[in-house]
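Asks:
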DNA sequence: TGCACGTTTGCGCACTCATGCAAGTGATAT
DNA sequence: ATATCACTTGCATGAGTGCGCAAACGTGCA
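Residue numbers (this note's numbering), protein chains in the order written: chain A, 15 to 138; chain B, 15 to 138.
1. From the DSSP output, read off the bridge partner residues of residue 91 (chain B).
2. Among the residues of its own chain, which have a CB less than 7 angstroms from the CB of residue 40 (chain A), if the five just before and after it don't count?
3. Applying the 10 Å Cβ sphere with the 16-neighbour rule, what's the burial state of residue 112 (chain A)?
4. Once DSSP output is grouped into helix, strand and coil, what is the label at residue 53 (chain B)?
5. Suppose the cutoff is 6 angstroms on Cβ atoms and the five residues either side in sequence are ignored; what does the same chain contact list for residue 90 (chain A) look like?
6. Would you kindly check if the distance between the Cβ of residue 78 (chain B) and the Cβ of residue 46 (chain B) is under 9 angstroms?
7. Use the C-beta contact count for residue 71 (chain A): other C-beta atoms within 10 angstroms, 16 or more gives buried, fewer gives exposed.
8. Under 9 angstroms between C-beta atoms, does residue 112 (chain B) make it to chain A?
9. Within the stretch 58-87 of chain A, note down every full beta strand (DSSP E) run reaching 3 residues or more, in order along the chain.
10. In angstroms with no decimal places, state the Cα-to-Cα distance between residue 108 (chain B) and residue 84 (chain B).
11. Residues of the stretch 21-34 of chain B in Cβ contact with chain A at a cutoff of 7 angstroms, in chain order, please.
12. Hey, would you say residue 34 (chain B) sits closer than 9 angstroms to residue 27 (chain A), going by beta carbons?
13. My understanding is that residue 80 (chain B) touches residue 29 (chain B), with C-beta atoms under 8 angstroms, so please give their C-beta distance in whole angstroms.
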């Protein structure tokens, strides 16, 4: 597919996988409301009904997928949300998706090119 | 948390769950490059190395999560990408995340309000 | 009515994953 | 050095999921 929208490169299963668990989303939401103020593992764990070892694993998963950043201070590890990176990823994905709709790809799929024009603005 | 960014409402585990499988993402990417031209289950299945019954299940999952729209024409079911809905969801989520960073929430987390200003522009 | 086609669903299997507990690691304080 | 604190890492278990095969379902055609 001769397309310039880079959609398949932006569709990362690992990122969505990290965001597919309710407890991980609660962790992300809680950290996001901290206004860039980092939180330690034990602080995050106090707000959740799961074992602190599980929280540690969830935080590591969110860090590995690029959602959170970790920083060691003394004997505690403080996590914070990578706001700009995450928002940028989501916006880039939104742009790539809408770019595909407007016919960025070549001739392999657009077997009737007129439909592109007739459906602009009328979709979902 | 007295926050007006609606972050936890936008963080839907089911949506991310639907996007967490590589084969489902290949289906979505393939359909997105069709420029709003619907594809039937069997047409989608020809481009994937998995059984058509599995493809049918994947398409249903993507439809249930709001990513795809389905329409029956004769004895075939044609799926298409809900470009605007999906892009809008992602942009709304990006806005909500960045809104949290800039201190939309109240006093429960921002225990030193000065850090909000000093970290603007210097994040991740 | 009978048949062919496209799609969906039941079922079993293999695999992944979230969870809790316990043990291990690293850093600080006494 | 020893103890304590914060976090991480095996390990086992139960739940969830992707997969293929076969049967069922729905639709259109002869």
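Yeah, the Cβ is synthetic: ideal placement off N, Cα and C, and Gly gets one too. From a predicted model like this one, the values you see are computed outputs, not experimental measurements.
Replies: The structure says:
1. B:86
2. 62
3. buried
4. strand
5. 54
6. no
7. exposed
8. yes
9. 82-87
10. 27 angstroms
11. 21, 22, 25, 27, 30, 31, 33 and 34
12. yes
13. 7 angstroms
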